[in-house]
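In this note's numbering, the protein residues as written are 3 to 408.
Even glycine gets a Cβ: it sits at the ideal position worked out from N, Cα and C.
Given the structure is predicted, the values throughout are model-derived calculations rather than measurements.
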């Protein structure tokens with residue numbers, strides 16, 4: 003707001019009819035305009051523009067939030083909008099989420115309970131465990147929000163009595179900082195001063211000033227209330243507790259939603275994996291009789307294609323092992339075939355459970371993801387949805403008070 007106000011005042015001054023730039027423009031116009039155009043007419047043409055500027059200054063002074071809102075809104079709804087995980091957006095994004103979960107908590111809890119009833123038997127054990135953990139973390143979100151609200155309530159209540167002390171001590175410390183800067187300058191002046199006897203009076207004056215400042219600094223130090231250190235430590239402790247609560251919440255929702263989208267992505271890749279079935283089935287025949295270099299090139303090409311499919315690290319591990327085996331002088335080709343057979347077995351297993359899960363798990367999982375996308379999962383979106391962006395822009399237009407943190 004201060005920057006925008008400065009810009010507006012600067013524009014107003016630079017284009018004012020009372021300042022040189024505008025005066026020079028008038029002199030130029032006066033020199034080239036015909037005599038029928040009077041100077042008064044030129045001034046009249048500028049009056050509406052100046053009035054518009056004064057009106058804009060009035061808006062800035064009366065409603066600074068509006069001046070903040072427009073740039074924030076443009077930033078958050080533009081194509082280059084920052085993601086919701088941007089540190090500068092966290093406070094307002096979480097304020098929006100907490101409000102939505104408070105209003106629609108039952109809907110989210112219902113979605114979690116529905117998701118728990120999904121038949122996950124088609125999924126591998128580890129993935130099934132991760133998914134059940136994600137449901138637990140989604141449910142835990144509500145308790146973590148209560149924890150944040152409780153910690154911040156304690157902090158806010160403590161801050162009421164702490165704020166006057168903080169302001170008082172910081173003013174004293176600012177005065178001490180000014181004294182320190184001046185003391186440093188005076189000491190430098192004394193060091194550079196000539197030892198000529200004619201400078202003795204000036205030297206004595208500087209030394210006297212240094213003594214006065216030392217006494218003033220000591221007085222300021224003694225004026226700091228005795229309770230400052232303990233109360234500052236108590237505030238910092240409460241602040242850290244509130245910050246830690248938010249950090250735990252963020253990690254929890256990221257883990258919850260991250261597991262959902264990762265599982266959904268892997269299941270949805272069944273078609274991509276099936277498209278490689280033909281190449282995978284004949285790779286052993288393709289490398290037969292080939293030179294080591296050519297066989298490795300074939301395996302590398304297949305590895306790249308498989309690696310592009312989510313959740314295929316176990317398959318690519320065996321393919322890479324087959325490539326390495328080909329380099330061995332003793333039984334290299336035989337070992338490579340064993341690795342390929344193992345890779346084929348894993349491939350078939352992966353394809354089978356993905357195709358089954360695509361029918362039995364994915365529809366329900368997608369429904370759950372949609373239910374939590376703009377609340378629990380909003381931090382992992384690439385950008386804020388339009389409605390949420392407007393809410394966050396309005397929130398950011400009212401600066402969050404951080405003075406007690408400094």
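For the set 334, 179, 232 and 394, the Cα lying nearest the Cα of residue 223 is the one of 179. Between the stretch 355 to 371 and the stretch 327 to 345 there are fewer than three C-beta pairs closer than 8 Å, too few to call the two in contact. For residue 227, the three-state secondary structure derived from DSSP is coil. In the structure shown, residue 378 adopts coil according to DSSP, grouped into three states. Residue state for residue 122 is assigned as coil, using DSSP reduced to three classes. Residue 381 sits away from residue 238, with the two beta carbons spaced by 8 Å or more.
Residue 317 places its beta carbon 8 Å or farther from that of residue 300. Pairing residue 258 with residue 143 gives a Cβ-Cβ distance under 8 Å.
By the neighbour-count criterion, in which a residue is buried when 16 or more other Cβ atoms sit within 10 angstroms of its Cβ, residue 76 is exposed. Contact between residue 162 and residue 226 fails: their C-beta atoms lie close to 21 Å from each other, not under 8 Å. The continuous alpha helix (DSSP H) containing residue 143 extends over residues 127 to 194. The three-state secondary structure of residue 261, taken from DSSP, is helix. Straight-line measurement puts the Cα of residue 392 at about 30 Å from the Cα of residue 366.
Of 181, 135 and 204, the smallest CA-CA separation from residue 260 is found for 135. Contact between residue 269 and residue 371 does not hold, since their C-beta atoms are separated by about 12 Å, which reaches or exceeds 8 Å. Straight-line measurement puts the Cα of residue 231 at about 27 Å from the Cα of residue 213.
By the Cβ neighbour-count rule, residue 195 is exposed, with fewer than 16 other Cβ atoms within 10 Å of its own. At a Cβ-Cβ threshold of 8 Å, residue 71 and residue 390 do not count as neighbours. Rounded to the nearest whole angstrom, the C-alpha separation of residue 309 and residue 153 is 45 Å.
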